[in-house]
Each structure stands twice: as C-alpha cells, then as structure tokens.
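Chemist: The structure under discussion is supplied below as structure tokens; questions concerning it will follow.
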Ligand code: HEM
Ligand code: MYR
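In my numbering, the protein residues as written are 380 to 791.
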C-alpha cells in the first residue's frame with residue numbers, strides 16, 4: 380500500500396498555514412498519513428496515537444537532519460541529548476530524568492511562586508502588564524534558582540531564552556538574531572560549567588548544575604564544556620518556554636470564568652486536569668521530525684532507512700477519533716486520570732527513558748497548575764479590551780495582544 384500523495388512542494392503552505400497545515404491534508408485524504416515534499420525533499424506526515432507509538436517507541440527514528448538546521452540551532456545544538464542515539468542517548472537521557480525528582484520540581488514551583496509575587500509587587504505603579512513579555516523574567520529567576528546558578532538580575536538571560544523560543548520557527552535575519560543571542564548564552568553557560576568544575580561556583584550536590592557539570596558519559600568521561608553548557612541550556616530555556624503556556628492559562632481563565640471561580644474558592648480537584656487541557660488545547664510545538672534508522676512498516680506503508688517523517692503533535696492532540704469535541708477547552712476530559720502515553724503528545728510520545736519524549740513534562744504541568752492557583756488566589760488583575768485572538772498560522776502561537784493585564788496587585 381502507498382501513502383496518499385499531496386503533489387508539489389508544501390514548504391510555503393506549511394509556513395503560512397501553520398498548525399492546521401497537516402490536519403487539513405489528513406482530512407483531504409481521509410486518513411492519518413500522507414506523503415508530500417518539504418524543502419524539496421520527500422516527507423511523510425503521520426498523526427494519531429498509533430503513529431506516535433510507531434514514531435517514538437522501538438528506536439525506529441533518529442533526529443538526524445530531521446528538522447531544518449535553523450530550528451535545531453536555535454533550540455538544541457550539536458552534541459545535545461536530542462542528537463544522540465541508542466545507548467549514548469539512554470545514558471544522557473537518564474541524567475535529565477534524574478533531575479525531575481518530586482523535591483526538585485517542588486523547588487522550581489515554589490521559587491516561581493515567590494518570583495511571580497515579587498514581580499506583582501513591582502508592578503504596583505504600572506498601568507498595564509503584557510504577560511507574554513513579563514513572564515520570562517520570573518521564570519528565568521526561578522529556573523536558575525532550581526538549577527543552582529546565579530541569574531544575573533538584569534533580564535539579559537530572560538530575553539535570550541524567550542527569543543530563542545519565539546524565533547525557533549523563523550528563517551533568515553530573524554533567526555540569525557536568535558542564534559547570535561544564543562551564542563552569548565552559551566558563553567555564559569560554559570563559564571558556569573567551568574566554575575562549578577573548578578569549585579569557584581559552589582553548588583549543592585542535588586542541583587541540576589552539579590549533575591550536568593559532573594555527569595560522566597557512558598564511557599566514564601566528563602562532557603566537553605561546550606556540550607555540558609548546551610545541556611544546561613536545555614533545562615533553562617524550556618523552563619522559560621513554559622511561560623507561553625502560562626499566557627494561555629490567563630487566557631483560559633478569562634474565557635472560561637467558571638474555572639477561575641472554582642480555583643479561587645480553593646477547589647484543587649480540577650487544577651491538574653486544567654493543566655493537561657492547557658497542554659492539549661493550546662498550540663505550541665507543532666510537529667517533530669525524524670529519520671528512519673532502518674526499514675519499517677506502519678499501517679501497510681513501508682519506510683526505508685533514511686526516510687523523513689513528521690509526526691503531527693498538534694493534530695494528534697486534536698484527533699477527532701481520540702478527542703470528542705477536540706476544538707473545545709474542556710478540562711473535565713482529564714478528570715478520570717492521566718491520558719494515554721501516545722494520545723496526549725504536546726511534548727512528544729512514547730516513554731521518556733528510551734525515546735525522545737520530553738523529560739520536562741512534570742515541571743511543565745506543575746508550573747501550569749501553580750500559575751492557575753497564583754492567578755486565581757494570590758493575584759488581583761483586570762483584563763481590558765484587547766485582541767485575544769490566537770492565530771494558528773503563527774508558530775509558536777500566542778494571543779495577538781500578548782495578554783494584557785491591568786491593575787495587577789497582590790490579593791489581600
Ligand atoms: C524534548 C516540547 C518543556 C527538556 C522535547 C520534545 C518536545 C518538547 C516536543 C520532543 C522532541 C523530539 O521528539 O525530538 C516541550 C514543550 C515544553 C517543554 C512544549 C513546554 C514549554 C521542557 C522542560 C524541559 C525540557 C521544562 C526541562 C526542564 C527537554 C529535553 C528534550 C526535550 C532535554 C530532549 C529529549 C531527548 O531528545 O531525548 N520537548 N518541552 N522540555 N525537552 Fe521539552
Ligand atoms: C524548548 O525550548 O525546547 C521547548 C519549546 C520550544 C517550542 C518551539 C516551537 C517552535 C515552533 C516552530 C517549529 C517549526 C517546526 C518545523
């Protein structure tokens with residue numbers, strides 16, 4: 380059997396249609412797979428839980444040349460966990476997963492709550508606060524406290540992390556700017572790694588900074604400074620990226636005030652289902668790319684070693700056969716427990732320890748839940764008239780206005 384083909388190169392269509400690009404074509408071919416061309420090369424798009432399992436489990440796909448270099452170099456980098464395969468990947472990945480202890484995640488959450496309230500106090504004299512612009516700072520401070528490195532409080536790091544994420548989907552000058560910023564962040568991170576190793580920067584043994592600086596690879600060797608620095612950034616940058624979900628938290632509480640009222644009253648029963656629904660409903664990482672490591676077969680389609688495949692994360696999270704009323708924001712759908720491994724995949728599918736699934740889901744969920752509590756129980760604010768539309772053509776997505784709040788202050 381062959382996959383239905385969408386003729387012509389679809390690069391421009393993908394960039395202009397954004398998150399809905401793949402879903403529209405799945406609907407057109409009435410299936411969960413189609414083949415086409417992107418950047419002049421053949422590629423297959425897949426969606427749905429079975430596709431996620433196929434893509435993530437069993438080591439069938441590597442990340443070699445799987446996303447445009449502009450995306451790789453803005454977010455990840457050479458030598459990072461995402462570029463590794465097999466045993467080397469499993470060993471490095473275990474280092475990341477070991478950072479996500481309950482105590483560690485709690486430390487991050489509590490640091491963020493403190494930093495958020497510190498910002499709120501500082502906004503007392505401000506007319507308006509654009510959440511999208513402001514969140515990187517408290518998140519950067521909290522992430523650095525968790526990781527165990529000094530923040531430098533001037534906001535330079537916060538700006539760099541936010542721009543890497545905001546510009547990950549850009550090409551040309553806008554992307555070069557983010558990569559230039561990234562080089563500055565890398566120099567900062569390299570110095571931190573050297574300082575930890577030489578004992579100039581004292582760190583507690585249970586901090587991510589200590590774990591990364593002292594990590595030994597599968598052959599028992601220390602990571603090169605450049606690689607350890609990249610991995611330090613692979614904890615800090617995505618923690619700041621969670622801010623984009625936090626903007627959507629404020630959006631959802633505004634549009635669905637029943638949740639605001641419930642959380643404000645101290646009802647915690649739906650805080651985690653709400654957090655899961657934020658991850659499912661709001662667009663963030665649109666697709667992930669992979670290269671077939673060997674020949675394989677999926678739903679009657681044959682893939683050869685080297686074939687390029689894109690898994691549609693957004694389309695899987697809104698798959699009509701998996702999610703009734705997929706286009707409605709309904710936290711109730713998660714009331715009866717955690718979702719299947721390959722059904723809710725905003726941060727990848729499969730098992731995190733032996734595939735590329737994101738190791739940062741616990742901190743992400745915890746920060747989203749905590750922000751829902753902070754906004755409803757600790758913070759007073761108003762949401763003025765503004766353009767709250769979220770265009771699905773822009774990757775990563777955000778409300779047009781950036782989510783403006785006024786009269787922001789601490790609740791008495
Ligand atoms: C991998 C999304 C937060 C660290 C991934 C992948 C996705 C993703 C889709 C899989 C990529 C692939 O299959 O190749 C997100 C989103 C986040 C987030 C949307 C919310 C902001 C985090 C956090 C951390 C983190 C908080 C760490 C503290 C990583 C790392 C990888 C990864 C290290 C590479 C894993 C590997 O290659 O094995 N993330 N992530 N992410 N994420 Fe996240
Ligand atoms: C991270 O910092 O690693 C976590 C989240 C990054 C999300 C970036 C979204 C990028 C959107 C454009 C990608 C285009 C893919 C072809």
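C-beta atoms are modelled at their ideal positions from N, C-alpha and C, and glycine is treated no differently.
These numbers were taken from a predicted model, which means no experiment stands behind them.
1) From what residue to what residue does the alpha helix (DSSP H) around residue 483 run?
2) Can you tell me which of the three DSSP states residue 720 falls into?
3) Hey, quick one: how far does the alpha helix (DSSP H) through residue 515 stretch, first residue to last?
4) Look up residue 465 in the DSSP assignment and say whether it is helix, strand or coil.
5) So, for residue 600: in the same chain, excluding its five sequence neighbours on each side, which residues have a beta-carbon less than 8 angstroms away from its beta-carbon?
6) Tell me, please, which residues DSSP counts as bridged to residue 423.
7) Is it the case that the segment 425-440 contacts the segment 402-413, given that we only count it when at least three CB pairs across the two stretches are under 8 angstroms?
8) What are the boundary residues of the alpha helix (DSSP H) that residue 624 is part of?
9) Flag residue 455 as yes if its beta-carbon sits less than 7 angstroms from any beta-carbon of chain D, otherwise no.
10) Tell me, please, which residues DSSP counts as bridged to residue 589.
11) So, at 7 angstroms on beta carbons, what are the nonlocal neighbours of residue 597 in its own chain, with the 5 sequence-adjacent residues on each side left out?
12) Following the continuous beta strand (DSSP E) through residue 386, name the residue where it begins and the one where it ends.
13) Grab me the residues of residue 544's own chain with a C-beta within less than 6 angstroms of its C-beta, minus the 5 sequence neighbours each way, in chain order.
14) Is it true that the CB of residue 511 sits closer than 7 angstroms to the CB of residue 782?
15) Please tell me whether residue 739 and residue 606 are closer than 7 angstroms, where the distance is taken between their beta carbons.
16) Since residue 681 sits in a beta bridge, which residues does DSSP pair it with?
17) In this structure, how does DSSP classify residue 579 when only helix, strand and coil are distinguished?
18) Would the segment 727-745 count as touching the segment 436-446 if we require 3 or more Cβ pairs under 8 angstroms?
19) Determine the DSSP secondary structure at residue 381, reduced to helix, strand or coil.
20) Using DSSP bridges, identify the partner residues of residue 701.
21) Alpha carbon to alpha carbon, what distance is there between residue 484 and residue 870?
22) Please check the pair residue 496 and residue 614, which I expect to be a contact at CB under 8 angstroms, by giving their CB distance rounded to whole angstroms.
Modeler: In this structure, then:
1) 481-501
2) coil
3) 515-526
4) helix
5) none
6) 414, 688
7) yes
8) 604-634
9) Included in the structure is just one protein chain, with no chain D present.
10) In DSSP, residue 589 forms no bridge with anything.
11) 466, 467, 470
12) 384-388
13) 620
14) yes
15) no
16) 676
17) coil
18) yes
19) coil
20) In DSSP, residue 701 forms no bridge with anything.
21) Here the chain comprises residues numbered 380 to 791, so residue 870 is not present and cannot be evaluated.
22) Residue 496 to residue 614, Cβ: 23 angstroms. No contact.
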